[in-house]
Amino acid sequence: MNSLFDRLFSKLDKVVETRTRASAREFGRRSFLARAGVTMLGAAVATPILPFDRRASAAGALPEDECGYWRHCALDGNLCSTSGGTLTSCPPGSTVSAVSWVGTCQNPDDGKDYLVSYNDCCGKPQVNSATFCYTSEGERPGYRMGLYNDINWCMANTDKGYHCTVSVVVGLAE
Ligand code: ABN
Numbered sequence: 186m187n188s189l190f191d192r193l194f195s196k197l198d199k200v201v202e203t204r205t206r207a208s209a210r211e212f213g214r215r216s217f218l219a220r221a222g223v224t225m226l227g228a229a230v231a232t233p234i235l236p237f238d239r240r241a242s243a244a245g246a247l248p249e250d251e252c253g254y255w256r257h258c259a260l261d262g263n264l265c266s267t268s269g270g271t272l273t274s275c276p277p278g279s280t281v282s283a284v285s286w287v288g289t290c291q292n293p294d295d296g297k298d299y300l301v302s303y304n305d306c307c308g309k310p311q312v313n314s315a316t317f318c319y320t321s322e323g324e325r326p327g328y329r330m331g332l333y334n335d336i337n338w339c340m341a342n343t344d345k346g347y348h349c350t351v352s353v354v355v356g357l358a359e
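According to our numbering, the residues represented by the sequence shown are 186 to 359, in order.
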């Protein structure tokens, strides 16, 4: 009788031991680390390491059709890029002003100061939805004509009606 129990317990011990070892293999710390390693390696290989332009996220870098864009630092008028034109070209049907106001703006990409010409585009009505900007950095009161920007620069054109303003870099400020 005793030997029957001995054999029974011995069998039970074996079964429990085998199951415990199998469970340790499957759920143990080593198997967890092995699986985590494979997962991380897979993720690293699958993630493309592409070059991308970080300037867009640099401090101060804003889209051209926002007043905070660096070239608009001394502008007083409607952005032509929101009036059917672009940053530097007048909308179709309008003509660029013969005279302009020139401001000095710092480019956040290289930290240098640039001369920016603010030419008005003339001969078309203003667009209601256009973005109006009044930054006018460096502007001085009206009695200093050369430093005053609240002027219709279409005055020297045949068509004197003001439409919008472009911001054209004309050179480095020395
Ligand atoms: N330079 C833009 C502008 C036009 C008309 C009047 C004031 C300012």
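All C-beta atoms in this analysis are idealised placements derived from N, C-alpha and C, irrespective of residue type, glycine included.
Treat the numbers as computed from the prediction; the structure is a model and nothing was measured.
To which residues of the same chain is Cys339 closer than 6 Å at the C-beta, ignoring the five residues directly before and after it? Ser282, Asp305, Cys307, Lys345, Tyr347
For Gly270, tell me which candidate among Val287, Ala315, Arg220 has the shortest Cα-Cα distance. Ala315
Report the residue from Val353, Arg204, Ala209 whose alpha carbon sits nearest the alpha carbon of Tyr303. Val353
Where does Ser274 sit, in a helix, a strand or coil, going by DSSP? coil
Quick one: Cα of Thr267 to Cα of Asp250, how far? 6 Å
For His257, would you say it is in contact with chain D, using Cβ-to-Cβ distances shorter than 8 Å as the test? Protein chains in the displayed structure number just one, and chain D is not present.
So, helix, strand or coil for Thr280, using DSSP? strand
Asn342 burial status per 10 Å Cβ neighbour count (16 or more: buried): buried
Would Ser321 and Ala259 qualify as a contact pair, given that the criterion is a beta-carbon distance under 8 Å? Cβ atoms of Ser321 and Ala259: closer than 8 Å.
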